[in-house]
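Protein chains in written order, with my numbering: chain A, 35 to 567; chain B, 35 to 567.
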């Protein structure tokens, strides 16, 4: 059975850079492009040559991006001058790219209001630009900006823009929902109309998520006939972002409705690497990954409800639409009040703890979990603390170190120069293998100072924790008022890319934080196979 | 032109509670239900009576939820016992609800594997449960669990489950995509088939976002004929979450493709309140709001690109699919913020500060707000700090007191009895009316100790702050990593019933907390009309 080829076009480095707060360095662009190439992306839009030094430099670099065609973005030439006389266009054509993608307007209103030129001048700009690019011998495509809004306002004009590019030899005519407000059934209907004029294998879709439908719009366009999808990793992009390729790729590769009909360039290994790529990008941008992201989110295969959990144990397909391993993610059954015994057993199995399910320690562990959850602990969001609790109940966590005491102080005062400064210090005393050790450190705040002091000298355990770092810190006040209890959740990571979460609870925020810090270090020691003292 | 009525069913308090890490307190459930009622929600699913004390208690509370029908969730009766002999079912039927929603299985595989009963026993359980609920005279509906997967595996059986509930008098037969992996065109096709057996005005849709299509699936189901949509605020829910009502409501109210055909219960004011409701829920859950969320995200109407920005200035419709004000959001153009000024003026008017709109202090205040928001302050959720900033810009806040210095320490050590204790102390030096005062206090934690010390002796201002109390304290880490900045938000209240929120930002959590504490006291002094020193 032969499947049709569907092409993927990544614009993380160009349209993704329009995200508020995102500004890739050259080195970051290269890292992302290499990942995209390795997974089998068809097109990588690297930037707009001439628009910034980074964008220009990207095209001058040596490439190692697999079979991906590196694409330079540009604007159609300005009205009133010829293509050869438009320096912006010439800079794009001079870039060392494999392909070009030009944005051209196709909404009459926009041409007249935003651009301030006549409809005919805009058509001529599209024709001349595509002609000039095609004459270089390189693959050329057009992003028809605001195509769907334009089609709804003036279908003849929108179509004439698309056809102009097609007639001049553009390989791809990409229909853009620039404002992101078009809905799937409209995309389907409009693409179906366009297909009467331009063959589907020459059409592409470029969707934005302003109505929460960018992924569905891309799928609707494919169902209607387009054969190229433009999008970004993690749905980066201006406003609500572009179509999220991280959500689209597994659907296209794993769902029979698409996988049976279409072939895409992404390899099985590329698919398995998707969770990693998604989180690596967040890491680069210093963002918290969306735990609820389709396919790759930390919670995407987490089950909380008790009945669901017991069904998952019988057969994961009962509550999983795809196997999490296929996208490099993993299953988690949560232990919580609602989950009960079966979730607990499932979680122990996942952690790799072999226990007979009638073992009396199971009931005791369940009691402990419930007691602690009543006291304010939340193991739902703190798998590492749960794992330690479970391993301790089963007797497999060594007492690597004992904390004898700690103290921390924060002082705000005027310094010798008369400036207001805040000074923060912590002292921690620990015993490792019978030997007392005392460390002192300064920090940005008391928790940071304690963290630094605690990890400064753990004797023989130091090599195991060198690459540990705190990546997030959350505080929640429970109960409120005078009975208030503080829950601190700490997220940690290490160089292997592992991320884990620990929790501490106390009326005192510093105490709660310290518990979570100690759990994080202990977890890291367990996972690294550190020896008992 | 008469439009068909489309009903919205919110399950934030039930299915939304399946979100990992989410566990609503009774008071939180009531706050959310009041907001839902005020916006015009048709159904509010409050929980599963009998499943937890909070869920049970919710139904016993006095209600003030507008026209919303409070719905109790339950499971169909167990096989092998009669409805009247099933204590779980009887607990649900005994709850003081306006309506019931029972979950019943409709996938043959699930009935046999997860439930371990025969297909006929499951059908009988559906019939008997619906019959028992309908006989109470209250509106009854069924959530057909895994309907779409079930239909794909065994359409006859899935349909027979839906028809059984319909025949027994269920008002709504809700088709659930429980695993969330169904795609919009499949939803459309399957709903179209079901409609041949059950009228569309009796059908509902319950979608999950595992393929990133929950919103589109809900819309596809409506296009195919269903007349009830189930979803949650902010798309809370297990794994990747449920269909996000915050994204669906504006589409249904504002997009002609739906708004011309359907009427929903949400009022225009409810729509304008959507941004607030979305952020309030995140605040309650101590989550960072998704800046890129459709319609309500802080970035949903932010324009970065220079050309886009200049077009937006000419006419916002050029790059906006709806006017941001309609959903209570606002436009932000990163180069030259025109929206900022008008919302600032509106806010000053709300506070009751009379200013000429050409007053040069307005522009300076706007600059300050922007600068501070860039640094991490969030005035959206801290009106009292904003009001102080505005009043200071206009010169109307006295310097009641000066803080010369503070220090706080936390120490954990073994006491004389050999017990581990944590001791926490703070010292604050202030100058009031030229007179230096120094106070020391102990507390549950460093912030509590600082708060007590700071309020211990403010001289002539003491009588004004006697009834001030801290009611909530929230911490959020911004940026993360080494650039991390801490934002502390403090909620205070006094005996008059007033509640206000202040904010502090610093790399040091203690500094940030102290700023927010000082703002809270200052705000209280302003509002109490305390005299200048």
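Glycine is no exception: its CB is placed at the ideal position from the N, C-alpha and C atoms.
- How about the stretch 410-417 of chain A and the stretch 447-457 of chain A: do they share at least three Cβ pairs that are nearer than 8 Å? no
- Hey, would you say residue 510 of chain B sits closer than 8 Å to residue 499 of chain B, going by beta carbons? no
- Item | Cβ-based burial, residue 190 of chain B [other Cβ within 10 Å; buried from 16] | exposed
- Query: What does residue 246 of chain A reach in chain B if we use C-beta pairs closer than 7 Å?
  - Reply: 249, 278, 281, 328
- Exposed unless 16 or more other CB atoms sit within 10 angstroms - verdict on residue 366 of chain A: buried
- Task: May I ask which residues mark the beginning and end of the beta strand (DSSP E) holding residue 458 of chain A?
- Result: 454-466
- Item | Presumed contact (8 Å Cβ cut-off) between residue 284 of chain A and residue 305 of chain A, rounded CB distance | 7 Å
- Task: Flag residue 542 of chain A as yes if its beta-carbon sits less than 8 Å from any beta-carbon of chain B, otherwise no.
- Result: yes
- At least 3 beta-carbon pairs within less than 8 Å: the stretch 171-179 of chain A vs the stretch 215-229 of chain A: no
- Task: Could you tell me whether the Cβ of residue 295 of chain A comes closer than 8 Å to any Cβ of chain B?
- Result: no
- Message: Rounded to whole angstroms, what is the Cα-Cα separation between residue 95 of chain B and residue 70 of chain B?
- Response: 16 Å
- Identify every residue that forms a DSSP beta bridge with residue 38 of chain A. A/296
- Query: Taking residue 331 of chain A as the reference, which of A/345, A/310, A/426, A/484 has the closest Cα?
  - Reply: A/310
- Item | Beta-bridge partners of residue 276 of chain A, as assigned by DSSP | A/242
- Message: Within 10 Å of its beta-carbon, does residue 448 of chain A have 16 or more other beta-carbons around it, so buried, or fewer, so exposed?
- Response: exposed
- For residue 504 of chain B, I'd like the list of residues in its chain whose CB is within less than 7 Å of its CB, leaving aside the five on either flank, ordered along the chain. 485, 524, 526
- Message: So, under 8 Å CB-CB, residue 199 of chain A and residue 138 of chain A are touching, yes? Tell me the CB distance rounded to an integer number of Å.
- Response: 7 Å
- Item | Proximal residues, the stretch 450-480 of chain B versus chain A, C-beta separation under 8 Å | 456, 458, 478, 479, 480
- Residue environment, residue 558 of chain B, which counts as buried when at least 16 other CB atoms sit within 10 Å: buried
- Could you give the DSSP three-state label for residue 262 of chain A: helix, strand or coil? strand
- Query: If the cut is a Cβ gap below 8 Å, which residues of chain B does residue 144 of chain A touch?
  - Reply: 345, 352
- Decide if residue 390 of chain A is buried, meaning its Cβ has at least 16 other Cβ atoms within 10 Å, or exposed. exposed
- Message: Classify residue 75 of chain B: buried if its beta carbon has 16 or more other beta carbons within 10 angstroms, exposed otherwise.
- Response: buried
- Message: Can you tell me which residues form a DSSP beta bridge with residue 448 of chain B?
- Response: B/454
- Do the stretch 535-542 of chain A and the stretch 343-357 of chain A make contact, defined as three or more Cβ pairs closer than 8 Å? no
- Query: Can you name the residues that DSSP bridges to residue 509 of chain A?
  - Reply: A/522, B/509
- Message: Would you call the stretch 120-127 of chain A in contact with the stretch 143-152 of chain A, where contact means no fewer than 3 C-beta pairs closer than 8 Å?
- Response: no
- Item | Interface residues of chain A facing residue 229 of chain B [CB-CB closer than 8 Å] | Going along chain A, no residue has its Cβ under 8 Å from residue 229 of chain B, so there is no contact; the nearest lies around 16 Å.
- Between the C-alpha atoms of residue 491 of chain B and residue 474 of chain A, what's the straight-line distance to the nearest angstrom? 34 Å
- Output yes if chain A places a C-beta closer than 8 Å to the C-beta of residue 441 of chain B; else output no. yes
- Neighbouring residues, chain B, relative to residue 361 of chain A (Cβ below 7 Å): Within chain B, no residue comes near residue 361 of chain A; the closest Cβ sits about 11 Å away, beyond 7 Å.
- Query: How would you label residue 52 of chain B, buried or exposed, when you count the other beta carbons within 10 angstroms and need 16 or more for buried?
  - Reply: buried
- Could you list the residues in the stretch 147-179 of chain B with a C-beta less than 9 Å from some C-beta on chain A, going in chain order? 147, 148, 149, 150
- Label residue 497 of chain A either buried or exposed according to how many other C-beta atoms from any shown protein chain fall within 10 Å of its C-beta, with 16 as the threshold for buried. exposed
- Message: Any beta carbon from chain A within less than 8 Å of residue 549 of chain B's own beta carbon?
- Response: no
- Message: Could you check whether the Cβ of residue 369 of chain B sits closer than 8 Å to any Cβ belonging to chain A?
- Response: Low per-residue confidence applies at residue 369 of chain B: pLDDT is 41, beneath 50, and the placement is therefore not dependable, though the value from the model is reported in the following sentence. False, the Cβ-Cβ gap to chain A never drops below 8 Å.
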